[in-house]
Ligand code: NA
Ligand code: NA
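Structure (structure tokens):
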């Protein structure tokens, strides 16, 4: 038989939610949820499930995922992350709620080096969550702040999501990188303000005032690592590498620092880092494959087209449209990974954004910031899942703290929407010919 | 005994996945170097080779994660309390995985044949080299999830605790 | 019975390919009784051309689409021959070839190997060099880093004219040119406009090296399901829709180029000695046809 849009939508979404409740892994739930439609609709066959999945892996841009992850894992194993934590500690540890601020600050530093949020949550979380627990912080707060601060990884350049976005929608990745910097810093400020609030309410300790010499040692220790963005962004802007290829520069430089300069990584470590990178990258990439199947099914049943039709019909103006766009990305981010969401939803909303005269770079940043929040929202929030598993606590128990920490971040998103100048200022200042 | 054999096989996959990540670096680095040195010719097949290695990495990685139980799930519903409840909670997930895996094997063979009809444009390789990953992954998921089901049932029968994996 | 034919297009309904497919539907329904329902899915909703090829070979999701020959090469390696660079002298030659049955051997190969039927020929975009600096003679072309399509003949032809073909995924082309990783690509006006390549590569050199051939492809599986009288109608409509599409795109192509020129988006320049390029390319074409065992075919195309 031929299934109507409404029924198809219902089957897909209710199937997916049921499977999630049964605790089927998200990657498989996305695939299994499409089986009933394939079985019932004469136009579809199981061939499509396999083909849409395998096909999504043949995109060259996705190579940025394992490469940035490799760079981050090399940083974590090569104790470069520890050096960043050291620097973050002398910079912010003396504030009330010291380790909380350190958590935010190190994520900011890490974000400037790595294009991946998940590696930040894993790397910094492994060190900071136990440390915070020892100093009497509520583990739920530690998990929530680790997860929420790690979203800066994809907002502050470099960023895997911006590479994918720029490729899929013909937008300059260089200008996206610049455009993400200020919103990223604003989120950092919002997070630190929240930590301050927590510290006052719960009486969290400071991590002590650093002496000038301690400050100098920490800065020297992290100095070389802080050069990474210069190479990555310089490589792109200088025309040496494409954005995807730039990820490999980060990996080589981290290897150079770990193996040659600091001598913290030996050959054996490198082997296990390669494996860990492959293992983790393929878990998240595999989910991209099944999400693509799910997304394709939605498209086959005309769901995105109807959505766009309704939205363009409403004529909500620039801010109204931006709000709705952010809403859609936030909604999609609840269920699927950011990369397939860009591919499925970004391309659909693009004409809506241009009709409302939203600047392509502003549209991109609204999309990416909204999707990055999806990294910490259940049911499928990878950073939240990773942080919670480090602390060995149930995800549901941290949701209240995530909500509290996320609220000011949403406010930043709202500011970007109302004042797009925040996004456009830096690229228009630094990019010749940017309009 | 069976568990050790499967674990051994999985160890082999781990080595392969690590090697694939290392191998991925090569074509992409060559692609960059080819543009800047007169020494290397312009390798137009680097992009194709990179995506081939990439597909293998993802599919083999998905197999390992089924064995280790590390594909991400979401604990929105409460943990089962009784032993039977635990068996069911684990069993349902594994059975669903098993069914999905069997579909991948059954239809994946036809899919691989479809791949065998194609030749990649740059490397002139038979596309079976990547399409075969679909039934292969399906087969391994099926074996692994079947073994885990059997294991959970054994634990239930033997009155030992049902270990979440 | 349900009589619905489903099509797919990369573009919105204003693009020549979509218009051609819409025309195809109209032409079928002028004669079909009972009428056929057509469902054309545009805007790349269901994927991109290589995906359509997969669907069509399997007879799932869609029944017809317009496909570039390079995207059929995975199944039938000779197909890119039909619009390889410098094979057509001019629009008249191109039209003469496509209105004849010279390409029949390629059609047979595609049907045999992939169960795909070519029911008509659209196309008509003229492909030119698009680059970030001006190229108007052999000297400026030498060592020019450019992205070419992923078929070996493409790389060989551009290597033969001393350019430096480069491996870049299509999705990275815009950014690769902007940052100077490569200097340009080659494409037709419609794509230049659609993907805004002029923002980063505003120089168009009229090498006119290719006139595109875009077969209207129908799934053999879908075709055989149709009643016999309808099969005949579909074949006829395909052919006529192709003619319509060719006339449409070859005019639109020039218009779009002019439009971008007038908007100040591009700078158009001639290439000083196009004959020289042809001399360099001919041996490569010959060698390629020989490898495929298609010398006769190439001769037939040239002599049209
Ligand atoms: Na980053
Ligand atoms: Na953090």
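Chains as they are written, first to last, in this note's numbering: chain A, 5 to 439; chain B, 88 to 252; chain C, 314 to 617. The beta carbon of each residue, even a glycine, is placed where N, CA and C say it ideally should be. Here the structure is a predicted model, which is why all the values come from computation and not from measurement.
Give the interface partners of residue 205 of chain B over in chain A, defined as CB-CB distance under 9 Å, in chain order.
Within 9 Å Cβ-Cβ: nothing; residue 205 of chain B doesn't reach chain A, min ~12 Å.
Starting from residue 522 of chain C, trace the beta strand (DSSP E) both ways and give me its first and last residue.
516-532
What would DSSP say about residue 128 of chain B, mapped onto helix, strand or coil?
Since pLDDT at residue 128 of chain B reaches only 48, below the 50 mark, its modelled position is unreliable, and the value read off the structure follows with that caveat. Residue state, collapsed to three classes: coil.
Identify the contact partners of residue 463 of chain C in chain B, using a Cβ-Cβ distance below 8 Å as the criterion.
131, 134, 135, 208 and 209
Measure from the alpha carbon of residue 211 of chain A to the alpha carbon of each residue in A:77, A:102, A:404 and A:231, then state which is nearest.
A:102
Please report the residue range of the beta strand (DSSP E) in which residue 458 of chain C lies.
Bounds of the beta strand (DSSP E) holding residue 458 of chain C are 458-460.
Entirely within the segment 12-58 of chain A and at least 4 residues each: give me those alpha helix (DSSP H) ranges in chain order.
30-36 and 39-44
Check the Cβ-Cβ distances between residue 151 of chain B and every residue of chain E, and say whether any is below 8 Å.
The chain inventory of the structure shown lacks chain E, comprising the protein chains A, B and C.
Taking a cut of 8 Å between CB atoms, which residues from the segment 475-489 of chain C lie near chain A?
481, 482, 484, 485, 487, 488 and 489
Please list, in chain order, the chain B residues whose beta carbon lies closer than 7 Å to that of residue 252 of chain A.
112, 115 and 116
What residues of chain B sit near residue 398 of chain A, judged by a beta carbon separation below 7 Å?
Those are 162, listed as they occur along chain B.
Just to check my reading of the structure: residue 161 of chain A and residue 275 of chain A have Cβ atoms closer than 8 Å, yes? What is that Cβ distance to the nearest angstrom?
Contact annotation, residue 161 of chain A with residue 275 of chain A: C-beta distance approximately 30 Å; criterion of less than 8 Å not satisfied.
Whole beta strand (DSSP E) runs in the segment 339-378 of chain C with 3 or more residues, listed along the chain?
350-354
Taking residue 337 of chain C as the reference, give the member of C:568, C:563, C:547 and C:570 with the closest Cα.
C:547
Given a threshold of 16 other Cβ atoms within 10 Å of its Cβ, counted over all protein chains shown, does residue 405 of chain A qualify as buried or as exposed?
buried
In whole angstroms, what separates the C-alpha of residue 153 of chain A from that of residue 164 of chain A?
Taking the straight line joining both Cα atoms gives about 17 Å.
Counting only beta-carbon atoms, is residue 51 of chain A nearer than 8 Å to chain C?
yes
At 8 Å on the CB atoms, spell out the chain B contacts of residue 31 of chain A, in chain order.
149, 158 and 159
Can at least three beta-carbon pairs, one atom from the segment 221-234 of chain B and one from the segment 320-328 of chain C, be found at a separation below 8 Å?
no
Please state the DSSP three-state secondary structure of residue 383 of chain A.
coil
Quick one: is residue 587 of chain C buried, meaning 16 or more other Cβ sit within 10 Å of its Cβ, or exposed?
The residue in question, residue 587 of chain C, is exposed, as its Cβ has fewer than 16 Cβ neighbours within 10 Å.
Thinking just about the alpha-carbon of each residue, which of A:81, A:148, A:167 and A:64 is nearest to the one in residue 120 of chain A?
A:167
What do you reckon, are the CB atoms on residue 33 of chain B and residue 198 of chain B nearer than 8 Å?
Not covered by the structure: residue 33 of chain B. The range shown for chain B is 88 to 252.
Since residue 176 of chain A meets chain C, which of its residues come closer than 7 Å, beta carbon to beta carbon?
488 and 491
Which residues in the same chain as residue 342 of chain A place their Cβ atom closer than 8 Å to its Cβ, once the five residues preceding and following it in sequence are excluded?
158, 165, 372, 375, 376, 378 and 379
Using only alpha-carbon positions, find the residue among C:509, C:468 and C:453 that is nearest to residue 460 of chain C.
C:468
Compare the Cα-Cα distances from residue 146 of chain A to each of A:241, A:175, A:199 and A:155 and report the closest residue.
A:199
Listing by chain order, which chain C residues have their CB less than 8 Å from the CB of residue 214 of chain B?
387
Please list the segments of the alpha helix (DSSP H) lying wholly inside the segment 170-214 of chain B, counting only runs of 4 or more residues, in order along the chain.
170-203
Only counting the same chain, and skipping five residues up and downstream in sequence, which positions put a Cβ closer than 6 Å to that of residue 411 of chain C?
434
Counting only the same chain and skipping the five closest in sequence on each side, list residues whose C-beta sits under 7 Å from that of residue 330 of chain A.
Listed in chain order, the non-local C-beta contacts of residue 330 of chain A below 7 Å within the same chain comprise 370, 374, 417 and 421, local neighbours out to five positions each way being set aside.
How many Å lie between residue 327 of chain A and residue 426 of chain A at the Cα?
16 Å
Give the DSSP-derived three-state secondary structure of residue 275 of chain A in the structure shown.
helix
Based on Cα-Cα distance, which residue from A:399, A:196, A:267 and A:322 lies nearest to residue 363 of chain A?
A:322
Considering only residues of the same chain and omitting the five flanking positions on each side of residue 185 of chain A, which have a CB-CB separation below 8 Å?
160, 161 and 430
Which of the three DSSP states, helix, strand or coil, is assigned to residue 382 of chain C?
In the three-state scheme derived from DSSP, where H, G and I count as helix and E and B as strand, residue 382 of chain C is classed as helix.
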